[in-house]
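What follows is a short report on a single structure.
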Amino acid sequence: MKKYLQLTLVISIAISITGYLLFQAPNKSAPDIKLTSIQGQNLNLSTLKNQIVLVNFWATSCTGCIQEMPELIKLQKKYETNNYKTIAVAMDYDIPEYIENYVTEKKLPFFVQHDSDGKIAKAFGDVGLTPSTFLINKNGKIIKKYVGVADINEIEKLINKEIKNI
1 MKKYLQLTLV
11 ISIAISITGY
21 LLFQAPNKSA
31 PDIKLTSIQG
41 QNLNLSTLKN
51 QIVLVNFWAT
61 SCTGCIQEMP
71 ELIKLQKKYE
81 TNNYKTIAVA
91 MDYDIPEYIE
101 NYVTEKKLPF
111 FVQHDSDGKI
121 AKAFGDVGLT
131 PSTFLINKNG
141 KIIKKYVGVA
151 DINEIEKLIN
161 KEIKNI
């Protein structure tokens, strides 16, 4: 019985620590990475200072990603004139043709990169679960991280708060 309680305690602590690490708002600097869109456009994340940036890691095979994509499109269209930018990073395991077809079919109005070598996911802390979303403020700090489908209402509140600070 004692061993069972000890094992249960260890598992509970491990789950708590994992949850904390996955869902905390890091409030650390976003990585300074160079991006290249599937259309061939180049962008350095560090050049987006004084802008609010949402980086979304997704995959065409991810139902949660596909579910939240229309909301990300709405956010981009609503806030694009307010120093806001969405960057969608397709995971390394996604198939390039599937990404291109989805981007074309849905007319995604934002920068889309295929992270074919996994370097971007690694730079953001070894992102492995999709969707994973990072909201970055005008100072280049990650102010919110979501693992799983993001809370769009909360993101909007944070965007509006950041717009007032620009």
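Quick note on UniProt numbering: the sequence shown kicks off at 1 and runs consecutively.
For each residue, glycine too, the CB sits at the ideal point set by N, CA and C.
Taken in chain order, the whole beta strand (DSSP E) runs of length 3 or more contained in the UniProt domain "Thioredoxin" (24-164) are 34-36, 42-44, 52-58, 84-90, 111-114, 132-136, 142-147. Nearest C-alpha to P131 among K145, A30, Q39, T104: K145. Judged by pairs of C-beta atoms under 8 Å, the region 89-109 does not touch the region 137-144, as fewer than three such pairs exist.
Annotated as distal: N83 and Q41, with beta-carbon spacing of 8 Å or more. For the pair S37 and F111, the CB atoms are nearer than the 8 Å cut-off. In this structure, L75 keeps its C-beta atom at 8 Å or more from the C-beta atom of T63. Between M91 and A59 a beta carbon distance of about 5 Å is seen, short of the 8 Å cut, so the two are scored as contacting.
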